[in-house]
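Asker: Numbering (this note's numbering), first residue to last: 371 to 668.
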């Protein structure tokens, strides 16, 4: 395949430990590359691939598709409109109630480099935070197993604290969360707060409902899942509560539209590999923090 001159782009969706060799081979063969997250197991490998891409003159991008989630896009709009003021606390969750080990083994549940909850779900959540705020000052990580442990099983849960100068970000994914509705975002600032339950609908629509991008209603969230915005006009004013409609997303299709434009020289790749490299570094620090029981400076 790499030798086929008719192939312009290679899309890599295999398990994480194969990403480096596949990306390297594709880039050195003169192919543009889209690679699934997590990018590669280590930030060092990511830096190597970035240099190879530069030398080859080919595009390299990572499929951090949850930058196109409707809930995340809604939150970004709320922040850009100034409804929250200066943010003091930012919580992002991917919790589920799955206390029993999964019946079928997958790479996500096997203890190996870049496997487990932190690299599977944390790579999405930390990437969204990074897209908004860049690198934090410090990282504190708690990575472990909540469900009944299985020999050779990977960590299934994590809580990561990202310390910014005047803001604390909590990144959390757990599998023991018996709630009627799972919290997705809770963001608080000097002028308001935003709370959102439920996940973006695109993955379930694709995986469970048989929908396809372009189908009517694809990516559109039911009104019952819209978030709540509470604002305070001035000090001592009574908070005003309202439902904030979820934006209709560009959907994950826009990732590929952006990449297609980049191939034609009409813009940047949808997710810069440098961004994905920086996110990997934060995941590495979170894991190190958890193992050593200390907060680590970035």
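Cβ atoms here follow ideal geometry from the backbone N, Cα and C, with glycine treated the same way. None of the values given here were measured: they were computed from a predicted structure.
In the DSSP assignment, find the unbroken beta strand (DSSP E) run with residue 382 in it and report its ends.
Answerer: 379 to 382
Asker: Cβ atoms of residue 653 and residue 488: under 8 Å apart, would you say?
Answerer: Yes. Within cutoff.
Asker: What did DSSP end up calling residue 448 once you bin it into helix, strand or coil?
Answerer: DSSP places residue 448 in the helix class (H, G or I) of the three-state scheme.
Asker: Please name the residue or residues paired with residue 529 in a DSSP beta bridge.
Answerer: 512, 542
Asker: Does the Cβ of residue 646 have 16 or more other Cβ atoms within 10 Å, making it buried, or fewer, making it exposed?
Answerer: buried
Asker: Would you say the stretch 506 to 513 touches the stretch 470 to 482, given that touching needs at least three Cβ pairs under 8 Å?
Answerer: no
Asker: With distances taken between CB atoms, is the gap from residue 435 to residue 625 smaller than 8 Å?
Answerer: yes
Asker: Tell me which residue opens and which closes the alpha helix (DSSP H) that residue 492 is part of.
Answerer: 492 to 503
Asker: Distance, Cα to Cα, residue 638 vs residue 610?
Answerer: 40 Å
Asker: Roughly how far, in whole angstroms, is the beta-carbon of residue 404 from the beta-carbon of residue 433, given that I think they are within contact range, below 8 Å?
Answerer: 6 Å
Asker: For residue 591, count the other beta carbons within 10 Å of its own beta carbon; 16 or more makes it buried, fewer makes it exposed. Which is it?
Answerer: Residue environment: residue 591 is assigned as buried (16 or more neighbouring CB atoms within 10 Å of its CB, all protein chains considered).
Asker: Would you call residue 579 buried or exposed, if buried means 16 or more other Cβ atoms sit within 10 Å of its Cβ?
Answerer: Counting Cβ neighbours within 10 Å, residue 579 comes out exposed, since fewer than 16 surround it.
Asker: Helix, strand or coil for residue 667 per DSSP?
Answerer: In the three-state DSSP reduction, residue 667 falls in the strand class (E or B).
Asker: Go ahead and pull the three-state DSSP assignment for residue 563.
Answerer: Assignment of residue 563 by DSSP, reduced to helix, strand and coil, places it in the strand class.
Asker: Out of 497, 440, 514, state which residue places its alpha-carbon closest to the alpha-carbon of residue 539.
Answerer: 497
Asker: Under three-state DSSP, which class holds residue 474?
Answerer: coil
Asker: Distance, Cα to Cα, residue 664 vs residue 536?
Answerer: 20 Å
Asker: Enumerate in chain order the residues of its own chain whose CB-to-CB distance from residue 562 is below 7 Å, with the five nearest sequence positions on each side excluded.
Answerer: 453, 454, 455, 599, 600, 601, 602
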